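Under mature numbering (1 follows the signal peptide of the UniProt record, and there is no 0), residues -32 to -1, 1 to 564 are what the sequence shown spells out, in order. Below is one structure, written out as structure tokens; comments come after it.
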Amino acid sequence: MNIFHHVQRCCLLLYFSIVLTAGLAGSAAAQSADGLPAPPGQIIVGPVFIRGDGSVPSIINGAQANAYLGQTHEPFSFLDSAPAVVVRTSTPTQYVRFYSPQGAAATGNAGASTALGSFLAGSNTVRGLTPAQIKDALALPWLPENVTIVTIPAGTCILVGTGGPVLGRFPGVPGRSGYPAGPWGKGGPAQEYLIGTSANPGCEGAQRLPPSDYVNQQPVGAYALAYTPRAGGGNAGAVANALDHAMLPPLFSDMDSIYNALDLLNVGSPTPLRLALTQLDGEIYADAPSVAINVGQMFLDVLHDQTHLARSLTGLNNGSGLRPWMSSFGGGGALFGGNDVHGLGYGGGGGAVGVDYVFNPSLQAGVAAAYVRSAFNTSGISGSGSLDSVALGTYAGYTAGNMYIDGALGYSYNSAGANRTIAFPGVSREAFANWAASAFLSRVEAGYHFALVDRATITPFASMQGIVVGQDGFGESGAGAISLRVNAATTASALGVLGTEFAYDIPVNSVALNVAARIGWAHDYADTHRGVVAGFQGLSDASFAVAGVNAPRDAAAVGLRVTLPWQPGDLFIRYDGILASKASINSATAGLRVSF
């Protein structure tokens, strides 16, 4: 007896293990059952109940699916020999349905094709196709005129199979349940038939979806579900174009869920769709080179301070020798966007140390190093980051009478990080990125002093500054399929300035406080457009150009410097600004120079 009970208990455990394993396997396999793009859920094994009355023993192929639909002669909805499956969904899903009220009415079947129906298709099965291509691919009886998105709740039974060809030349059948004469189309892609919501075994007692689940009813347009017509221009249009022309992702994948979320916004006013598309574009990465250029410009300003400060009214300070110095500097700016791009704000500061040598009263040269930390953010759209920069440079100054020429060369290594929030209806994610950029720096300036009155001079000058930023390619993390991959990019600035400096020595006890003011016209000869090329990690073949806010082409260049001699050196403070209608860039330096 004990042995009998032991065997009975083992058999029961084995039975329940098999049932549990089969159930789990059915659920897990639903997304790829026999190669079909089935939604996440549980495969229905055994009898499947027909909505209203009756049932079929099982549905595992197209022939059984057609029998379930009561189809005994052409046209058949599903390919007889291909696999078919019924799935009870475990999560909400989304499909599209095409309908042709005018076409049906024209063939005497008014009311035969409406938004509320059971035949569906996965959105990425038909996305981007023309109405004629859709009719052929789905073997539809009429040319599709309208499309509706069907939102499927969890617990809905769906029949999935391969759409059969309808190529026979059969006669049409009039009436509400009739159809036009063949042929209709070659079929081929997976198609779905909506059975209804049911928690019962075999989908017994399935209920139709309410009309509220058939949303965004609108004309198909030239290309089904295309975003470009509503996206407009700018970055939103670039992202839309990439999405419209990409190799489409598998149904029920992460990237497919992004398409589905955008589909729900692609109706009526274009504003919600445009806002969502701009959330995807990664504009902050197009703006980042402007921050690196600003850091390079501040460092070049610090180097220029040393040659400028070394000159008196008649040339370099008397004597020769080694002169160490240190400066603290900082600055920030705002570039204002327009309709298609957002603005950029940034600011930061750091310190520099250096040493130069006066070879003779006319020639001075030195070297310097600096560290700068900057923060930046886009305005009107999520995106913020930081930039850590280490710069090295060399500089020289030469005078010949009242004429001078200054030059500097440098390099900065920039380590950047940024994050952005991607949020629109149905999507909420955070993306992170880290990358590096190298900047090559150069500046030359020449001028000529004219004495006005005692202790006052005027100096016309011309300068040219060149900065080239090479930003490495990188990839985002954290946002799944919509994490971006950003290509390497090179951005340049070639800023020329024509201006005049006014200087005056104010006696202070036994020394002269030197005050100098500058004003000039700045013109950037390089491309002021800021941009990168990016793409979604969930779409390997699609990329788009992202525009950042432009740098100013023309601007006013202003500056103010105050120097106080202090034995054995000088104390100084300086301000520089680039001011334009859509830009304000400012920096300041304070430092100490010591002579030996």
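Glycine included, every Cβ here is placed at the ideal spot set by N, Cα and C. This structure is a prediction, so every number in the text was calculated from the model and none was measured.
(message) Tell me the residue span of the beta strand (DSSP E) that contains H41.
(response) Stepping through the sequence shown from its first residue, residue 41 is reached at position 73. Judged by DSSP secondary structure, H41 falls outside any beta strand (DSSP E); it is assigned neither H nor E.
(request) Could you tell me if V476 is buried or exposed, where buried requires 16 or more neighbouring beta carbons within 10 angstroms of its beta carbon? (result) Working through the sequence shown from its first residue, we reach residue 476 at position 508. By the 10 Å Cβ count, V476 comes out exposed.
(message) Between the alpha carbons of residue 584 and V259, how many angstroms are there, rounded?
(response) In the structure as shown, the chain begins at -32 and stops at 564. Residue 584 is therefore absent and cannot be evaluated.
(request) Could you name the residues that DSSP lists as bridge partners for C125? (result) Counting from one through the sequence shown, the residue named residue 125 turns up at place 157. In the DSSP output, where bridge partners are listed per residue, C125 has R56, G164.
(message) Cutting at 6 Å between CB atoms, please list the residues of its own chain near Y191, excluding the five before and the five after it.
(response) Mapped onto the sequence shown, residue 191 falls at position 223. Once the five neighbours on either side are set aside, the close Cβ partners of Y191 are G96.
(request) Output the boundary residues of the beta strand (DSSP E) element that contains P69. (result) Residue numbering aside, residue 69 sits at position 101 when the sequence shown is read from its first letter. Annotation for P69: no beta strand (DSSP E) segment contains it, though the alpha helix (DSSP H) segment containing it runs 69 to 74.
(message) By the three-class DSSP mapping on this structure, what secondary structure does K491 have?
(response) Here the question's residue 491 lines up with position 523 in the sequence shown. In the sequence on display, residue 491 carries His and not Lys. Assignment of H491 by DSSP, reduced to helix, strand and coil, places it in the strand class.
(message) Using only the alpha-carbon positions, how far apart do N20 and G201 sit?
(response) Here residue 20 refers to the residue found at position 52 of the sequence shown. Here residue 201 refers to the residue found at position 233 of the sequence shown. Reading the sequence as shown, one finds Gly at residue 20 and not Asn. Inter-residue distance for G20 and G201 is about 51 Å (C-alpha atoms, whole angstroms).
(request) Could you check the C-alpha separation between M266 and R529 for me, to the nearest Å? (result) Counting from 1 along the sequence shown, the entry for residue 266 is found at position 298. Counting from 1 along the sequence shown, the entry for residue 529 is found at position 561. Between M266 and R529, the C-alpha separation is close to 15 Å.
(message) Three or more C-beta pairs under 8 Å: does that hold for the stretch 80 to 92 against the stretch 156 to 173?
(response) Cβ pair count under 8 Å is three or more, so yes.
(message) Let me confirm a value: I474 is counted as buried when at least 16 other C-beta atoms fall within 10 Å, else exposed. Which label applies?
(response) For the purposes of this step, residue 474 is taken as the residue at position 506 of the sequence shown. A residue is called buried when at least 16 other Cβ atoms come within 10 angstroms of its Cβ; I474 does not meet this threshold and is exposed.
(request) Determine the contact status of F220 and P520, defining contact as a CB-CB distance below 8 Å. (result) Along the sequence shown, one-based indexing puts residue 220 at 252. Along the sequence shown, one-based indexing puts residue 520 at 552. A distance of 8 Å or more separates the beta carbons of F220 and P520.
(message) I need the straight-line Cα distance from A551 to N518, nearest angstrom please.
(response) In the sequence shown, counting from the first residue as 1, residue 551 sits at position 583. In the sequence shown, counting from the first residue as 1, residue 518 sits at position 550. Those two C-alpha atoms are separated by around 9 Å.
(request) Kindly indicate which residue of G378, T93, P109, A229 has the alpha-carbon position closest to the one of A149. (result) Position 181 of the sequence shown holds residue 149. Minimum Cα distance to A149 is reached at P109.
(message) Is the separation between the beta-carbon of M223 and that of A449 shorter than 8 Å?
(response) Start at 1 with the first residue of the sequence shown, and residue 223 comes out as number 255. Start at 1 with the first residue of the sequence shown, and residue 449 comes out as number 481. Yes, Cβ-Cβ distance for M223 and A449 is below 8 Å.
(request) Using 10 angstroms around the beta-carbon of residue 565, count the other beta-carbons present and answer buried if the total reaches 16, otherwise exposed. (result) A question about residue 565 goes unanswered here, because the residues of the chain that appear run from -32 up to 564.
(message) Could you check whether S354 and V263 sit closer than 8 Å to each other, using their CB atoms as the reference points?
(response) Here residue 263 is taken as the residue at index 295 of the sequence shown, counted from 1. Here residue 354 is taken as the residue at index 386 of the sequence shown, counted from 1. Their beta carbons are not under 8 Å apart, which means V263 does not touch S354 by this criterion.
(message) Can you tell me whether Q535 is helix, strand or coil according to DSSP?
(response) What you label residue 535 is simply residue 567 of the sequence shown in a count that begins at 1. DSSP places Q535 in coil when its eight states are reduced to three.
(message) Check whether the stretch 389 to 402 and the stretch 420 to 434 are in contact - that is, three or more C-beta pairs closer than 8 Å.
(response) Inter-segment contact for the stretch 389 to 402 and the stretch 420 to 434 is absent: fewer than three beta-carbon pairs are separated by less than 8 Å.
(message) Are the CB atoms of G30 and A52 within a distance shorter than 8 Å?
(response) Position 84 of the sequence shown, counting from 1, holds the residue named residue 52. Position 62 of the sequence shown, counting from 1, holds the residue named residue 30. Their beta carbons are under 8 Å apart, which means A52 touches G30 by this criterion.
(message) Can you tell me whether Q505 is helix, strand or coil according to DSSP?
(response) Numbered from 1 along the sequence shown, position 537 holds the residue referred to as residue 505. Residue state for Q505 is assigned as coil, using DSSP reduced to three classes.
(message) Measuring straight from C-alpha to C-alpha, what distance separates A194 and I102?
(response) Along the sequence shown, read from residue 1 onward, the residue named residue 194 stands at position 226. Along the sequence shown, read from residue 1 onward, the residue named residue 102 stands at position 134. Here the alpha carbons of I102 and A194 stand approximately 14 Å from one another.
(request) Using the DSSP secondary-structure output, state which residues sit across from Q159 in a beta bridge. (result) Position 191 of the sequence shown, counting from 1, holds the residue named residue 159. G129, per the DSSP bridge assignment.
(message) My assumption, with CB atoms under 8 Å, is that V16 sits in contact with I28. Please give the rounded CB distance.
(response) The sequence position of residue 16 within the sequence shown is 48, counting from 1. The sequence position of residue 28 within the sequence shown is 60, counting from 1. 10 Å between Cβ atoms; not a contact.
(request) Would you mind stating whether S58 and A122 have Cβ atoms separated by less than 8 Å? (result) As a first step, residue 58 is located in the sequence shown; it is residue number 90 there, counting from the start. As a first step, residue 122 is located in the sequence shown; it is residue number 154 there, counting from the start. Result yes, Cβ atoms of S58 and A122 sit closer than 8 Å.
(request) Going by DSSP, name the residue or residues bridged to I546. (result) Within the sequence shown, residue 546 is the residue found at index 578, counting from 1. Here I546 is bridged, per DSSP, to A525, I553.
(request) Give the DSSP-derived three-state secondary structure of Y195 in the structure shown. (result) Locating residue 195 in the sequence shown gives position 227, counting from the first residue. The answer is coil: DSSP assigns Y195 none of H, G, I, E or B.
(message) Please state whether the Cβ-Cβ distance between A359 and Y379 is less than 8 Å.
(response) For the purposes of this step, residue 359 is taken as the residue at position 391 of the sequence shown. For the purposes of this step, residue 379 is taken as the residue at position 411 of the sequence shown. Yes.
(message) So the candidates are D495, S45, Y227; which of them puts its Cα closest to the Cα of A515?
(response) Along the sequence shown, one-based indexing puts residue 515 at 547. Minimum Cα-Cα distance from A515 among the listed residues D495, S45, Y227 corresponds to D495.
(message) On the criterion of 16 or more Cβ atoms from any shown chain inside 10 Å, does D522 qualify as buried, or is it exposed?
(response) Sequence index remark: in the sequence shown, residue 522 carries index 554 (1-based). Exposed, since its Cβ has fewer than 16 Cβ neighbours within 10 Å.
(message) Checking the sheet assignment: what are the DSSP bridge partners for E469?
(response) One-based indexing of the sequence shown puts residue 469 at position 501. In DSSP, E469 forms a bridge with T427, R486.
(request) Compute the Euclidean distance between the alpha carbons of A72 and A447, then round it to the nearest angstrom. (result) Within the sequence shown, numbered from 1, the residue matching residue 72 stands at position 104. Within the sequence shown, numbered from 1, the residue matching residue 447 stands at position 479. Distance between the alpha carbons of A72 and A447 is about 44 Å.
(message) Quick check: what's the CA-CA separation for V128 versus G146?
(response) In the sequence shown, counting from the first residue as 1, residue 128 sits at position 160. In the sequence shown, counting from the first residue as 1, residue 146 sits at position 178. Each residue's Cα considered, the two are about 23 Å apart.
(request) Note down the Cα distance separating L284 from T389, rounded to an integer number of angstroms. (result) Indexing the sequence shown from 1 puts residue 284 at position 316. Indexing the sequence shown from 1 puts residue 389 at position 421. Note on L284: pLDDT 42, under 50, position unreliable in the model; no value is reported.
(message) If you measure between the beta carbons of I18 and C125, is that distance less than 8 Å?
(response) In the sequence shown, the residue the question calls residue 18 occupies position 50. In the sequence shown, the residue the question calls residue 125 occupies position 157. Contact check for I18 against C125 fails: the beta carbons are separated by 8 Å or more.
(request) Compute the Euclidean distance between the alpha carbons of L106 and T130, then round it to the nearest angstrom. (result) Along the sequence shown, one-based indexing puts residue 106 at 138. Along the sequence shown, one-based indexing puts residue 130 at 162. The C-alpha of T130 is placed about 10 Å away from the C-alpha of L106.
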